[in-house]
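Peer 1:
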Amino acid sequence: MDLQAFNRLSPLEAERLLRPCVDIPSWIGAVIAARPFAGIDAALAFARQASQCWQAEDVNRALAQHPRIGERAGGPGREAQFSRREQAAVNTEDAALAEALLAGNRRYEAQFGQVFLIRAAGRDGQAILRELERRLSNSAEQEQRETAEQLREIVMLRFKELLSD
Ligand SMILES: NC(=O)NC1=NC(=O)NC1=O
């Protein structure tokens, strides 16, 4: 959708379009209210700025929407479509990699009590596995910060894609 069309959407239609980017109502509301945007860069700059005030509960709520790395998101929804595309470089044919990612995810979830979130676009499975292993040695606070930043990267990529579809 081009920016002019996005600017003209009703709030309800805009909300429906933005939700698959991230399920954080305050962020969705802020982006909708900030329209009309003069250009794509202005829209992206605002969206990034609005993501700076995400609280832990916002991030935790959004995590529930993200399938584990290495698990193919099922279903017809736009969110699942985003996720499949983002995880496309994770070679699920590589059984050893899939096994290592599954074990890593389980360790991570046991340690931090939430799903391991990483901006998968542009990363292959080995790079993701290395990041998973590095982050397992983070403190809980550091991991909360890294998770929020990874979510921000995912959301910005999805929002940018939305405006250039
Ligand atoms: N657990 C995850 O990190 N999931 C994901 N990362 C992405 O970039 N897309 C996802 O669905």
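Residue 5 in my numbering sits at position 5 of the sequence shown, with consecutive numbering throughout. All C-beta atoms in this analysis are idealised placements derived from N, C-alpha and C, irrespective of residue type, glycine included. Only a predicted model underlies this, so the values are computations on that prediction, with no experimental measurement involved.
Under 7 Å between C-beta atoms, does S164 make it to chain C?
Peer 2: The structure shown has no chain C; it contains just one protein chain.
Peer 1: Pull up the distance between the alpha-carbon of E93 and that of A120, whole angstroms please.
Peer 2: As a first step, residue 93 is located in the sequence shown; it is residue number 93 there, counting from the start. As a first step, residue 120 is located in the sequence shown; it is residue number 120 there, counting from the start. So the alpha carbons of these two residues sit roughly 17 Å apart.
Peer 1: When you measure from the CB of R119 to every non-hydrogen atom of ligand 1, does any distance come out below 6 Å?
Peer 2: In the sequence shown, counting from the first residue as 1, residue 119 sits at position 119. Under cutoff, so the answer is yes.
Peer 1: How about W54 and A148: do their beta carbons lie closer than 7 Å?
Peer 2: For this step, residue 54 is matched to residue 54 along the sequence shown. For this step, residue 148 is matched to residue 148 along the sequence shown. Closer than 7 Å, so yes.
Peer 1: Please confirm whether I118 and Q150 have their CB atoms less than 7 Å apart.
Peer 2: Here residue 118 is taken as the residue at index 118 of the sequence shown, counted from 1. Here residue 150 is taken as the residue at index 150 of the sequence shown, counted from 1. A contact, by the Cβ cut-off of 7 Å.
Peer 1: Under three-state DSSP, which class holds G122?
Peer 2: Working through the sequence shown from its first residue, we reach residue 122 at position 122. Coil at G122, not helix or strand.
Peer 1: Thinking just about the alpha-carbon of each residue, which of Q49, I128 and G77 is nearest to the one in R152?
Peer 2: Stepping through the sequence shown from its first residue, residue 152 is reached at position 152. With distances taken between Cα atoms, R152 lies closest to Q49.
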